[in-house]
Amino acid sequence: MRHRKSFNHLGRNRAHRKAMLSNMATSLILHKRITTTVAKAKALKKFVEPLVTKAKDDSTHSRRVVFSYLQSKEAVTELFREISGKVGDRPGGYTRILKTGTRLGDNADMCIIELVDYNENLLASKSTTTKATTRRSRRGGKKVDETTAAVEVKEETAETKVEVVDEAKEETPAENEKPAEEENKEEK
469 MRHRKSFNHL GRNRAHRKAM LSNMATSLIL HKRITTTVAK AKALKKFVEP
519 LVTKAKDDST HSRRVVFSYL QSKEAVTELF REISGKVGDR PGGYTRILKT
569 GTRLGDNADM CIIELVDYNE NLLASKSTTT KATTRRSRRG GKKVDETTAA
619 VEVKEETAET KVEVVDEAKE ETPAENEKPA EEENKEEK
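Each residue of the sequence shown is one higher than the one before, counting from 469 in the numbering used here.
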């Protein structure tokens, strides 16, 4: 049983897991997108997002802390120069996991993990298809500022109710005439 186990060990000991996540985080920072299994991507997301948050504060201390996790000067430079500038206003959620299906060899669930602000396809589609959004209330109707307009709407609904009732009364005698005609035909 895995009661109160807070993270996935990924079938590796501590040193192997730490080296693997460091390597994957470096690749993600340098290439902006990598393909891996879903379990590793979820573990990588927990590993890399605090580092991106740390990169927002460009100080010597934060650079040293990030370097202790990544062990790559190129990745640290890339993170603090380019990535921190792009995600400076974002409050979190720097990565996105897109599931791609299963791997042929062992049927493992595969995915693509990418940095959110670097997917040109999604950014281009958002800029071209900006749709006007409407707010909807539970009441279903629009709010009317003037009370006279609300009174006019109530009067209109009352008139339509009266018209519906009148139409129902007109249909009732017509229905009564049909059976009388049918009785006359049966008698002949």
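Glycine residues also receive a C-beta, built at the ideal position from the N, C-alpha and C atoms.
How many angstroms separate the CA atom of Leu590 from the CA atom of Ile580?
14 Å
Leaving out five residues before and five after Tyr562 in sequence, what residues of the same chain have Cβ atoms less than 7 Å from its Cβ?
Glu517, Val520, Val555, Leu583, Val584
What would DSSP say about Met492, mapped onto helix, strand or coil?
Annotated three-state conformation of Met492 is helix, per DSSP.
Quick one: which unbroken beta strand (DSSP E) runs of 3-plus residues sit fully inside the segment 493-559? Chain order, please.
DSSP runs (the beta strand (DSSP E)) wholly in the segment 493-559: 501-505.
Quick test of your reading: Leu478 and Ala507, contact by CB under 8 Å. State the CB separation rounded to the nearest angstrom.
6 Å
If you run the structure through DSSP and keep just helix, strand and coil, what is Asn577?
Here residue 577 turns out to be Asp, not Asn, going by the sequence shown. Three-state DSSP puts Asp577 in a strand.
Could you spell out where the beta strand (DSSP E) holding Thr570 opens and where it closes?
563-570
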